[in-house]
Amino acid sequence: MLILGIESSCDETAAAVVEDCTKLRSSVIASQAMEHRLYGGVVPELASRRHCENILAVTQQALDEADITPQELD
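Counting with this note's numbering, you get residues 551 to 624 for the letters of the sequence shown.
Encoded structure:
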């Protein structure tokens, strides 16, 4: 079984592929920490926009690193 997990926290966008609930096939994280540091903390509107900008690329990179296509996911 291949599972794609997608997560977004305050300032990170991430995706990972797990096989059979035990084997991590890929894990990709796009962090915004350096960008928000310029403002002295997280700027919610900026963080939201960056999640939208990053999610597709992060997800595709996780699939590529796991060497699978979306059709192979369970």
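Every residue, glycine too, gets a C-beta built ideally from N, C-alpha and C.
Asked	Found
Any idea which residues DSSP pairs L554 with across the strands?	V567
Looking at the unbroken alpha helix (DSSP H) that takes in L606, where does it start and where does it end?	594-616
Checking the sheet assignment: what are the DSSP bridge partners for L580?	This sequence places Ala at residue 580; Leu is not what is there. Paired residues: T563.
Is R600 buried or exposed, if buried means 16 or more other CB atoms sit within 10 Å of its CB?	buried
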